[in-house]
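**Q**
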Amino acid sequence: MKKLIVLLFWTISLNTLGQEINWVTFDELPSLSQKEPKPVMVFIHTDWCKYCLMQEKVTFRDSSVVSQLNENYYCIKLNAESNEKIYFLNRMYTKKGNTHSLSWVLGAQNNELTFPTTVALSPQFQITNRWVGYLSKEQLRVVN
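As numbered in this note's numbering, residues 182 to 325 make up the sequence shown, in order.
Right, dumping it as structure tokens:
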């Protein structure tokens with residue numbers, strides 16, 4: 182019996198170990214939303230931000246967070262320093278100065294952009310909520 186319980190826990194841990202968030206791009210979003218409308222979670226980050234990295238490595242690897250986000254949202258990573266041209270809501274956004282203009286449109290609060298910022302959009306792509314700063318797995322579970 183003990184061996185069976187150990188085997189069961191080992192199997193469950195292997196299943197959750199490989200779970201990752203199904204990140205999509207802004208290019209994929211219109212066709213995905215047309216097939217199955219869902220809210221969108223945008224994670225605005227930079228490569229140098231320690232709290233961004235911590236949110237990716239800790240919060241976004243928690244099995245319950247991964248399950249909830251994959252089931253209930255389309256998730257997008259937006260690097261605020263990207264040079265990529267992004268088409269969203271019939272507009273093209275590009276890097277202006279040091280930051281991407283779409284990161285300002287979605288993430289700025291009181292004319293400030295802080296990293297990380299996590300933004301929730303409705304299925305119609307309207308901003309419904311914005312969380313500035315690091316979100317722990319406990320905080321993000323409450324968001325869902």
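For each residue, glycine too, the CB sits at the ideal point set by N, CA and C.
Pull up the distance between the alpha-carbon of residue 234 and that of residue 315, whole angstroms please.
**A** In the sequence shown, counting from the first residue as 1, residue 234 sits at position 53. In the sequence shown, counting from the first residue as 1, residue 315 sits at position 134. Each residue's alpha carbon lies about 10 Å from the other.
**Q** Would you mind stating whether residue 262 and residue 228 have Cβ atoms separated by less than 8 Å?
**A** Position 81 of the sequence shown holds residue 262. Position 47 of the sequence shown holds residue 228. The answer is yes: Cβ separation under 8 Å.
**Q** Tell me residue 311's beta-bridge partners as DSSP assigns them.
**A** Residue 311 sits at position 130 when you count from the first residue of the sequence shown. Bridge partners of residue 311: 300.
**Q** Check whether the Cβ of residue 203 sits closer than 7 Å to any heavy atom of the ligand HEM, and report yes or no.
**A** With respect to the ligand HEM, the structure shown offers nothing to examine, as it has no ligands at all.
**Q** CA-CA distance, residue 318 and residue 249?
**A** Position 137 of the sequence shown, counted from the first residue, corresponds to residue 318. Position 68 of the sequence shown, counted from the first residue, corresponds to residue 249. Roughly 11 Å separates the two Cα atoms.
**Q** Thinking C-alpha only, which one of 304, 298, 305 and 231 is nearest residue 223?
**A** Stepping through the sequence shown from its first residue, residue 223 is reached at position 42. Measuring from the Cα of residue 223, the nearest candidate turns out to be 298.
**Q** Below 6 Å CB to CB, which residues in the same chain sit around residue 241 once its five sequence neighbours on both sides are set aside?
**A** Position 60 of the sequence shown, counted from the start, is the residue given in the question as residue 241. Here the set comprises 202.
**Q** At which residue ranges does the stretch 227 to 260 contain complete alpha helix (DSSP H) runs of 4 or more residues, listed in the order of the chain?
**A** 231 to 238 and 244 to 253
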